[in-house]
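A.B. asks:
Residue numbers (my numbering): 339 to 440.
(1) So for residue 418, helix, strand or coil by DSSP?
(2) Would the beta-carbon of residue 417 fall within 8 Å of that of residue 359?
(3) Quick check on the DSSP output: the beta strand (DSSP E) that includes residue 331 runs from which residue to which?
(4) For the beta strand (DSSP E) that residue 412 lies in, which residues bound it at each end?
(5) If you draw a straight line from the alpha carbon of residue 396 to that of residue 407, how long is it in whole angstroms?
(6) Less than 8 Å between the C-beta atoms of residue 348 and residue 413, yes or no?
(7) Short of 8 Å in beta carbon distance, which residues of its chain neighbour residue 352, apart from the five on each side in sequence? Order them along the chain.
(8) Could you tell me whether the Cβ atoms of residue 350 and residue 437 are closer together than 8 Å?
(9) Does the Cβ-Cβ distance between residue 409 and residue 372 come in under 8 Å?
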């Protein structure tokens, strides 16, 4: 599903509710999961704890994987689609990073 966004703001949306430019969820149902969160939410964990682990993973990968960094930078200004929203989502970590770059 494609977004028809008019501005250059990066946004994270639920793919069931809004249009999006790039899918950032996990692999499945014909979707590429390149940007998916590899940290699974377990019953004994809070979403916040999982996102803290993802943030550490994400920034480590940005630092050490030039191809990942390049592909993340291409997401700037796009509407990112995942299943998590409106709950806190790894897409928020990606957006926060993208908001810091020019």
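Here a beta-carbon is modelled for each residue, glycine too, at the ideal position from N, C-alpha and C.
Values in this document were obtained by computation on a predicted structure and should not be read as measured data.
C.D. replies: Concretely, from the data shown:
(1) Start at 1 with the first residue of the chain shown, and residue 418 comes out as number 80. Reduced to three states, the DSSP call for residue 418 is strand.
(2) The residue given as residue 417 occupies position 79 in the chain shown. The residue given as residue 359 occupies position 21 in the chain shown. It is a contact, given that the beta carbons lie within the stated cut-off.
(3) This structure gives no information on residue 331, because the portion of the chain shown stretches from 339 to 440.
(4) In the chain shown, counting from the first residue as 1, residue 412 sits at position 74. It is not in any beta strand (DSSP E) - residue 412 carries neither H nor E in the DSSP assignment.
(5) By one-based count along the chain shown, residue 396 stands at place 58. By one-based count along the chain shown, residue 407 stands at place 69. Residue 396 and residue 407: Cα-Cα distance of roughly 10 Å.
(6) Translated into the one-based positions of the chain shown, residue 348 becomes position 10. Translated into the one-based positions of the chain shown, residue 413 becomes position 75. Contact flag set, yes.
(7) For the purposes of this step, residue 352 is taken as the residue at position 14 of the chain shown. Counting only Cβ-Cβ distances below 8 Å, and skipping sequence neighbours, we find 419, 420, 421, 422, 423, 424.
(8) Position 12 of the chain shown holds residue 350. Position 99 of the chain shown holds residue 437. Going by C-beta atoms, residue 350 is not nearer than 8 Å to residue 437.
(9) For the purposes of this step, residue 409 is identified with residue 71 of the chain shown, where counting begins at 1. For the purposes of this step, residue 372 is identified with residue 34 of the chain shown, where counting begins at 1. Contact: yes.
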